[in-house]
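Colleague: In numbering that gives the first Met the number 0, the protein residues as written are 0 to 314.
Glycine residues also receive a C-beta, built at the ideal position from the N, C-alpha and C atoms.
Can you keep this structure in mind? I'll have questions shortly.
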Amino acid sequence: MPTFAYAARDRAGKLVEGRSRAAAEGDLRRELQGAGLMLVRAKAESARRRSVTGKVKAKDIILFTFNMHNVLDSGVPLLTGLQDMIAETRQPRLKRVLEEILESVTGGETFSQALARHPDVFDPLYVHMCEAGEQSGRLPYAMERLMQFLEWREEFRHRIKDLVTYPIVVVFALAGLVGLVVGVVFPRFAEVFERVNFELPWSTRFLLGLSDLLTTYWWACLIGMALAWALGVFLKSIPPIKMALHTAVLKVPVVGDLISMLNFGQVANSLASFVDSGIPIPSALELIEKIVPNVRVAVSVKTAREGILGGKTLA
Numbered sequence: 000m001p002t003f004a005y006a007a008r009d010r011a012g013k014l015v016e017g018r019s020r021a022a023a024e025g026d027l028r029r030e031l032q033g034a035g036l037m038l039v040r041a042k043a044e045s046a047r048r049r050s051v052t053g054k055v056k057a058k059d060i061i062l063f064t065f066n067m068h069n070v071l072d073s074g075v076p077l078l079t080g081l082q083d084m085i086a087e088t089r090q091p092r093l094k095r096v097l098e099e100i101l102e103s104v105t106g107g108e109t110f111s112q113a114l115a116r117h118p119d120v121f122d123p124l125y126v127h128m129c130e131a132g133e134q135s136g137r138l139p140y141a142m143e144r145l146m147q148f149l150e151w152r153e154e155f156r157h158r159i160k161d162l163v164t165y166p167i168v169v170v171f172a173l174a175g176l177v178g179l180v181v182g183v184v185f186p187r188f189a190e191v192f193e194r195v196n197f198e199l200p201w202s203t204r205f206l207l208g209l210s211d212l213l214t215t216y217w218w219a220c221l222i223g224m225a226l227a228w229a230l231g232v233f234l235k236s237i238p239p240i241k242m243a244l245h246t247a248v249l250k251v252p253v254v255g256d257l258i259s260m261l262n263f264g265q266v267a268n269s270l271a272s273f274v275d276s277g278i279p280i281p282s283a284l285e286l287i288e289k290i291v292p293n294v295r296v297a298v299s300v301k302t303a304r305e306g307i308l309g310g311k312t313l314a
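Next up, the structure:
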């Protein structure tokens with residue numbers, strides 16, 4: 000079924016542009032008439048032209064959610080709001096996704112069902128909150144809560160990134176300093192010691208030997224580091240080992256407390272947003288379990304959800 004790029008006018012005479020799938024132009028005309036639009040022109044697009052690549056960033060989703068909330072909160076119909084968002088969006092990939100969502104909604108799907116067709120852009124969390132807003136008749140409010148949550152989540156990610164980046168920078172700086180001392184400074188001292196024929200203590204001889212090893216077999220050291228990194232990535236993919244690592248991180252003084260605080264802060268903030276949007280507590284906890292970074296905390300959330308399903312209270 001071809002996709003048509005069309006221009007139409009609504010009852011107020013406003014020009015509306017968009018894209019829709021239809022078997023023929025006549026079918027497109029009837030579809031638009033059913034939506035209160037009069038077709039002005041239409042042109043079938045080739046598959047190559049419709050193909051749009053690129054990643055939609057979190058800030059693009061946050062901006063769309065913010066604008067969509069303002070549009071819906073002012074009383075503008077969903078279809079008109081989507082048309083306005085398409086006209087205002089500059090991100091090519093997101094623009095194409097919104098056009099497909101508009102096609103789906105025009106074809107009779109709900110907004111959340113249309114969003115669910117694009118899991119690479121709108122995750123299950125986003126879809127479920129919109130679905131809860133639709134069912135409760137408070138979609139504008141759900142979009143507002145969703146916007147607040149997305150902003151908080153993005154800030155949370157930046158905090159985690161900053162928390163991890165600093166130790167990595169320090170480790171690399173120390174490694175560079177050690178490499179400079181072992182590879183440049185020690186060899187010069189070794190030449191001096193050899194000339195004076197001075198008896199060196201075992202610790203100094205060990206360091207000089209290490210320096211000679213690193214300068215001679217530096218390529219083997221690089222290969223060893225690459226293999227160690229690959230092994231670490233592989234081990235983290237094994238659930239029991241990943242669980243052990245995440246549990247151990249929470250026990251590290253200061254850092255563990257900070258990571259624990261950030262993770263449980265995300266749990267509390269997410270739960271408040273989901274429940275306030277109309278999502279039942281068990282379903283909200285199931286969603287939170289999938290988005291919490293630390294596996295140990297995710298298991299705690301799962302235990303709480305199973306307890307609630309078993310008849311216990313959240314506390």
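Who are the Cβ neighbours of serine 210 in its own chain at under 8 Å, not counting the five residues just before and after it?
Modeller: Non-local beta-carbon contacts of serine 210 in its own chain, meaning distances under 8 Å to residues more than five positions away in sequence, involve Val181, Gly182, Phe185, Pro186 and Ala189 in chain order.
Colleague: With 16 as the cutoff for other CB atoms within 10 Å, does glycine 132 come out buried or exposed?
Modeller: buried
Colleague: Nearest by alpha-carbon distance to leucine 138: which of Lys42, Asp256, Ile278 and Tyr216 is it?
Modeller: For leucine 138, the nearest C-alpha among the options comes from Ile278.
Colleague: Which of the three DSSP states, helix, strand or coil, is assigned to arginine 89?
Modeller: coil
Colleague: Quick one: Cα of proline 317 to Cα of tryptophan 218, how far?
Modeller: Past the edges of the chain, shown from 0 to 314, lies residue 317, and the structure says nothing about it.
Colleague: Can you look up serine 282 in the DSSP assignment and give me helix, strand or coil?
Modeller: helix
Colleague: Would you mind reading off the limits of the beta strand (DSSP E) that contains valine 15?
Modeller: 14-20
Colleague: Would you give the residue range spanned by the beta strand (DSSP E) that tyrosine 5 belongs to?
Modeller: 2-8
Colleague: Classify glutamine 32: buried if its beta carbon has 16 or more other beta carbons within 10 angstroms, exposed otherwise.
Modeller: Exposed, by the Cβ-count rule.
Colleague: For the alpha helix (DSSP H) that contains valine 61, what are its first and last residues?
Modeller: Rather than valine, the amino acid found at residue 61 in this sequence is isoleucine. 57-72 is the extent of the alpha helix (DSSP H) around isoleucine 61.
Colleague: Please check the pair glycine 255 and leucine 261, which I expect to be a contact at CB under 8 Å, by giving their CB distance rounded to whole angstroms.
Modeller: Taking C-beta atoms under 8 Å as the contact rule, glycine 255 and leucine 261 fail to qualify, at a distance of about 11 Å.
Colleague: Got a sec? Which residues, its chain only, sit under 7 Å from tyrosine 140 by beta carbon, not counting five neighbours each side?
Modeller: Gly132
Colleague: Rounded to whole angstroms, what is the Cα-Cα separation between alanine 113 and serine 282?
Modeller: 21 Å
Colleague: Provide the residue span of the alpha helix (DSSP H) that contains asparagine 262, from first to last.
Modeller: 254-275
Colleague: Does DSSP put glutamate 305 in a helix, a strand or coil?
Modeller: helix
Colleague: Spatial neighbours of arginine 49 within its chain, please: C-beta separation below 7 Å, excluding the five flanking residues on both sides.
Modeller: Its pLDDT being 47, under 50, arginine 49 is placed unreliably by the model, and the measurement read from it follows with that caveat. So the qualifying residues of the chain are Thr2.
Colleague: Nearest CA to the CA of lysine 42: which residue from Val266, Phe110, Glu285 and Gly25?
Modeller: Gly25
Colleague: Alpha helix (DSSP H) containing glycine 25: first to last residue?
Modeller: Here the alpha helix (DSSP H) through glycine 25 covers 24-33.
Colleague: Quick one: residues in its chain with C-beta nearer than 6 Å to the C-beta of phenylalanine 121, no 5 flanking neighbours on either side, listed in chain order?
Modeller: Leu114
Colleague: Which word fits alanine 225, buried or exposed, when buried means at least 16 other C-beta atoms lie within 10 angstroms of its C-beta?
Modeller: Answer is exposed; the Cβ neighbour count stays below 16.
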